[in-house]
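**Q** First to last, the protein sequences are chains A and B.
For the first sequence, our numbering begins at 334 and goes up steadily by one.
For the second sequence, our numbering begins at 4 and goes up steadily by one.
The C-beta atom is built at its ideal place from N, Cα and C for all residues, glycine as well.
Input: one structure, supplied below.
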Amino acid sequence: MTGAVKRIWPVLAVVVLAGCGIQPSAVTGAGEAPTGVAAGPTLYFVGPDGGLRPDQRRTGGLGTVPEAMSLLLTGPGEASGLRTEIAPVSMTRVGVAYGRGVIRLHVPLTADDVTALGTDQLVCTALGVHVQSGGSQSTKVQVRFTQPAPDSDRRRSCPLME
Amino acid sequence: MTGRSWLRGLRARLLVAFVLVTVLGAGAAAWSSAGSASRALVATTEQRITETAADRVGAVAPELVYPPDQGALDRLRAAVGGNTLVTYRGMRSAGGSRTGLVTGSLRSAVRDRNRPVTQRITAHGRPWLLVGMPVMITAPDGERTPSGIEVYSVRDLSGVERRIDGLAGSAVATAALALPPAVLLALLAARSVLRPVRELRDTARRLAAGDLDARSPAPGADELGELTATVNEMAESVQSSMDAMRRMQADARRFAADVSHELRTPLSTLTAVMEVLATAADRMEPDDRESAQMAITETRRLVTLVEDLMEVSRFDAGTARLRAEEVDAAGAVRDCLRARGWLDRVELEAPEGAVLRLDRRRLDVMVANLVGNALRHGEPPVRVRVLASRRQVRIEVADSGPGLPGDVLPHVFDRFYKADAARTRTPGSGLGLAIALENARLHGGDLTADTAEGGGARFVLRLPRDLEDL
Numbered sequence: 334m335t336g337a338v339k340r341i342w343p344v345l346a347v348v349v350l351a352g353c354g355i356q357p358s359a360v361t362g363a364g365e366a367p368t369g370v371a372a373g374p375t376l377y378f379v380g381p382d383g384g385l386r387p388d389q390r391r392t393g394g395l396g397t398v399p400e401a402m403s404l405l406l407t408g409p410g411e412a413s414g415l416r417t418e419i420a421p422v423s424m425t426r427v428g429v430a431y432g433r434g435v436i437r438l439h440v441p442l443t444a445d446d447v448t449a450l451g452t453d454q455l456v457c458t459a460l461g462v463h464v465q466s467g468g469s470q471s472t473k474v475q476v477r478f479t480q481p482a483p484d485s486d487r488r489r490s491c492p493l494m495e
Numbered sequence: 004m005t006g007r008s009w010l011r012g013l014r015a016r017l018l019v020a021f022v023l024v025t026v027l028g029a030g031a032a033a034w035s036s037a038g039s040a041s042r043a044l045v046a047t048t049e050q051r052i053t054e055t056a057a058d059r060v061g062a063v064a065p066e067l068v069y070p071p072d073q074g075a076l077d078r079l080r081a082a083v084g085g086n087t088l089v090t091y092r093g094m095r096s097a098g099g100s101r102t103g104l105v106t107g108s109l110r111s112a113v114r115d116r117n118r119p120v121t122q123r124i125t126a127h128g129r130p131w132l133l134v135g136m137p138v139m140i141t142a143p144d145g146e147r148t149p150s151g152i153e154v155y156s157v158r159d160l161s162g163v164e165r166r167i168d169g170l171a172g173s174a175v176a177t178a179a180l181a182l183p184p185a186v187l188l189a190l191l192a193a194r195s196v197l198r199p200v201r202e203l204r205d206t207a208r209r210l211a212a213g214d215l216d217a218r219s220p221a222p223g224a225d226e227l228g229e230l231t232a233t234v235n236e237m238a239e240s241v242q243s244s245m246d247a248m249r250r251m252q253a254d255a256r257r258f259a260a261d262v263s264h265e266l267r268t269p270l271s272t273l274t275a276v277m278e279v280l281a282t283a284a285d286r287m288e289p290d291d292r293e294s295a296q297m298a299i300t301e302t303r304r305l306v307t308l309v310e311d312l313m314e315v316s317r318f319d320a321g322t323a324r325l326r327a328e329e330v331d332a333a334g335a336v337r338d339c340l341r342a343r344g345w346l347d348r349v350e351l352e353a354p355e356g357a358v359l360r361l362d363r364r365r366l367d368v369m370v371a372n373l374v375g376n377a378l379r380h381g382e383p384p385v386r387v388r389v390l391a392s393r394r395q396v397r398i399e400v401a402d403s404g405p406g407l408p409g410d411v412l413p414h415v416f417d418r419f420y421k422a423d424a425a426r427t428r429t430p431g432s433g434l435g436l437a438i439a440l441e442n443a444r445l446h447g448g449d450l451t452a453d454t455a456e457g458g459g460a461r462f463v464l465r466l467p468r469d470l471e472d473l
């Protein structure tokens, strides 16, 4: 063999060996960290000044949107100094459906049972839990009442989170 | 043919070059595609593993008690799967036997970057993927802070490595598939190059052997075609100059033959006149007699010269004929010496019985030339030996003079060659040795000159005994 050929073989061997198998690597970052742990959900009530007030409950875990909605419908309690603009109901179960970029709340209320501020309470509480469990902040909320209302299809967002 | 010289051949070199280029090219292409495919495979596998782990953590996280107790950590670990380690401050929950592989650099990277990190390591002879991620707390407004819970997972990459090995194997197979076509192409290319080269070589051999009509067919307009055309032109020009030279040589020989022939008639008249002059020389005055003697001597020399010239012309023209008969060499040599009165000046050693077929007249010419030459130029004693073997008869003529100098030896048989430029006037014609050599060759024998042991010049005439009738 000629000298040139002799020089080619080692190069070839190095190339072949370098391409073989899975090589160890350094530490590299990848993707988004999971989230969702919390001491409890944050509920939104109306403060003495007539604005929305967050109220973090210590339930021991974040829980789900329906659980948070049930707590919201149950009311702020006497000692908190907060009030709610949602009429008290005996049944606190709220149906939740997730669409593309939207959360649909089926509340056991009529449009007359809530004020505009009361609707914001519903929207903000649902969005808060959604974001805390890793959801997108740009998600909108539709509030469906037991009876059809003119603006129940409106996609709403929370005024405190904009 | 040995292996090494075979490797130097054009065909082998073309073959090796073709195969190397093909295998290197195909191998590089296959290898690079296999390499990028395996890199992509590893990357997607890592991404899939990390995302799956993060999804599982994210799915179970809202249901966990926070701050977590041991039960919460165990639940999180179970959700992620085997070989997983979950820590929260001093607490830990480990499952699987490989969680010890988690490196310190991975832990610090999880704390520093607050996002999932991965690292590939090799342990126990297998590749592993380490995944580490913090669990974050997200405020309702989207702000994220670390919760202090960290999840580490160790995953075996052996399956991925096997698939990569499969890719590499198919790359090698692809490169090997390119080999047979490369060999075939190389052989075809070598044949198309080698055929004209071989024809050219054959033509050159025929030219060297003297066949000046040899030509190669021009195979086209490439470099080999140009080379062939050039060789053909060369052969053409060599042939024409050879023809011209031969014509000139023939002209020169014919001229010499014509001249000597034309000189013969006036010379015979002159010879007759000289005979008359010789008979009258006795009655002349001494001065006139000396002039007459000189004229007679020179005329005889002229006659000898013209006869020798005509003899040489006959050799050149190829018209010299051998009249062979059974002759006793010793007797013929003795007769030759006796006829010239040299028997008492020459030591002859000639045993009887060396009988062979030869031309008696030409043997006489040869012996007379050699002995006359020795008597004229060498010192006595001059020895003549006749030796007979089964195949040939050797006739040696040696003198005791100074011998032949080295620069003279190659030229002694040249025509009109004078060893001593100052001694221009010698009785010989200057053609004697040349004629002797031609005669020896005509007999199928040879005549050589060398220096004898005693230092004198020695001429050896060899005549074969198996001469056919000519």
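Hey, Ala217/B and Arg209/B are a contact pair by Cβ (cut 8 angstroms); roughly how many whole angstroms apart?
**A** The pair is a contact, with the Cβ atoms about 4 angstroms apart (cut-off 8 angstroms).
**Q** Identify the contact partners of Ser39/B in chain A, using a Cβ-Cβ distance below 7 angstroms as the criterion.
**A** In chain order: nothing, as chain A lies at least about 10 angstroms away.
**Q** Is the shortest distance between the beta-carbon of Ala57/B and the beta-carbons of chain A less than 8 angstroms?
**A** With 8 angstroms as the cut-off, Ala57/B counts as an interface residue toward chain A.
**Q** Using a Cβ-Cβ cutoff of 7 angstroms, what residues of the stretch 461-488 of chain A are near chain B? List them in chain order.
**A** Within the stretch 461-488 of chain A, the qualifying residues are Gly461, Val464, Gln465, Ser466, Gly467 and Gln470.
**Q** So which residues of chain A does Ser108/B contact, with C-beta pairs closer than 7 angstroms?
**A** Those within 7 angstroms of Ser108/B in chain A are Val360.
**Q** Decide yes or no for the touch test of the stretch 309-327 of chain B against the stretch 276-294 of chain B: beta carbon pairs closer than 8 angstroms, at least 3 of them.
**A** No: the two stretches stay apart, fewer than three of their Cβ pairs being nearer than 8 angstroms.
**Q** Under 9 angstroms between beta-carbons, which chain A residues line up against Asn117/B? List them in chain order, please.
**A** Residues of chain A passing the Cβ test: Ala366.
**Q** Pull up the distance between the alpha-carbon of Arg101/B and that of Gly107/B, whole angstroms please.
**A** When rounded, the distance between both Cα atoms is 15 angstroms.
**Q** Taking the alpha carbon of Val24/B as the point to measure from, which residue in Ala185/B, Ala46/B and Val60/B has its own alpha carbon closest?
**A** Comparing Cα positions, the closest option is Ala185/B.
**Q** Kindly indicate which three-state DSSP category Glu54/B falls into: helix, strand or coil?
**A** Correct three-state label for Glu54/B: helix.
**Q** First and last residue of the beta strand (DSSP E) that includes Arg386/A?
**A** Element bounds for Arg386/A: Leu385 to Gln389.
**Q** Spell out a yes or no on whether the stretch 324-334 of chain B and the stretch 349-363 of chain B are touching, meaning 3 or more CB-CB pairs, one atom from each, closer than 8 angstroms.
**A** Yes, they touch.
**Q** Taking its Cβ as the centre, do 16 or more other Cβ atoms sit within 10 Å of Phe416/B, making it buried, or is it exposed?
**A** Counting Cβ neighbours within 10 Å, Phe416/B comes out buried, since at least 16 surround it.
**Q** Rank Arg465/B, Ser173/B, Asp410/B and Asp254/B by C-alpha distance to the C-alpha of Ala31/B and give the top, closest one.
**A** Nearest option by C-alpha distance: Ser173/B.
**Q** Can you give me the start and stop residues for the beta strand (DSSP E) that Ile436/A sits inside?
**A** Looking at the DSSP string, the run of the beta strand (DSSP E) that includes Ile436/A is Val435 to His439.
**Q** Should Leu440/B go down as buried or exposed, given a rule of 16 or more other Cβ atoms within 10 Å for buried?
**A** Leu440/B is buried by the Cβ-count criterion.
**Q** Among Met494/A, Ser413/A and Pro441/A, whose alpha-carbon lies nearest the alpha-carbon of Arg457/A?
**A** Per the sequence presented here, residue 457/A reads as Cys, with Arg not at that position. When only C-alpha atoms are compared, the closest one is Met494/A.
**Q** If contact is defined by three or more beta carbon pairs under 8 angstroms, each pair taking one atom from either stretch, is the stretch 420-428 of chain A in contact with the stretch 437-457 of chain A?
**A** Touching, yes, given that three or more Cβ pairs across the two stretches are closer than 8 angstroms.
**Q** My parser needs the beta strand (DSSP E) runs of 3 or more residues fully inside the stretch 425-482 of chain A; what are they?
**A** Segments of the beta strand (DSSP E) lying fully in the stretch 425-482 of chain A: 428-432, 435-439 and 473-477.
**Q** As a quick exercise: from Arg250/B, Ala75/B, Thr48/B and Val358/B, pick the residue whose alpha carbon is nearest that of Ala391/B.
**A** Nearest option by C-alpha distance: Val358/B.
**Q** Whole angstroms are fine: how far does the CA of Leu88/B sit from the CA of Glu153/B?
**A** Each residue's alpha carbon lies about 8 angstroms from the other.
**Q** Quick check on this structure: which residue in Thr48/B, Ala181/B, Val336/B and Arg286/B has the alpha carbon closest to the alpha carbon of Ala29/B?
**A** Looking at the Cα atoms, Ala181/B is the closest of the given residues.
**Q** Note down the Cα distance separating Thr53/B from Gln122/B, rounded to an integer number of angstroms.
**A** Computed Cα separation, rounded: 11 angstroms.
**Q** Restricting to Cα atoms, I'd like to know which of Gly467/A, Thr392/A, Gly408/A and Asp382/A is closest to Asp547/B.
**A** Nothing can be reported for residue 547/B: it is not among the residues displayed for chain B, which extend from 4 to 473.
**Q** Under 8 angstroms between C-beta atoms, does Ile355/A make it to chain B?
**A** Yes - at least one Cβ of chain B is within 8 angstroms of the one on Ile355/A.
**Q** How is Arg488/A classed by DSSP in three states: helix, strand or coil?
**A** Residue state, collapsed to three classes: coil.
**Q** Report all residues from its chain with a CB closer than 7 angstroms to the CB of Leu305/B; omit the five preceding and five following residues, and keep chain order.
**A** Correct list, in chain order: Leu270.
**Q** Spell out whether any CB of chain B is found under 8 angstroms from the CB atom of Pro399/A.
**A** No, Pro399/A does not count as interfacial toward chain B.
**Q** Assuming contact is defined by CB atoms lying nearer than 8 angstroms, are Arg465/B and Gln395/B in contact in what I supplied?
**A** Against a cut-off of 8 angstroms, the Cβ pair of Gln395/B and Arg465/B comes out as a contact.
**Q** May I ask you to list the residues that DSSP assigns as paired with Leu273/B?
**A** Bridge partners of Leu273/B: none, in fact.
**Q** Within 10 Å of its beta-carbon, does Val474/A have 16 or more other beta-carbons around it, so buried, or fewer, so exposed?
**A** Val474/A comes out buried.
**Q** Quick check on DSSP: helix, strand or coil for Val241/B?
**A** Helix.
**Q** Quick test of the definition: if touching needs 3 or more C-beta pairs under 8 angstroms, does the stretch 381-388 of chain B touch the stretch 343-353 of chain B?
**A** Short answer: they touch.
**Q** Taking 8 angstroms as the CB-CB limit, is Arg123/B close to chain A?
**A** True, the Cβ-Cβ gap to chain A drops below 8 angstroms.
**Q** With a threshold of 8 angstroms between beta-carbons, can Ala459/A be considered close to chain B, or not?
**A** It does not: the Cβ of Ala459/A has no partner Cβ on chain B nearer than 8 angstroms.
**Q** Using a C-beta to C-beta distance shorter than 8 angstroms, which residues of chain B count as neighbours of Met494/A?
**A** Pro143, Asp144 and Gly145, listed in chain order.
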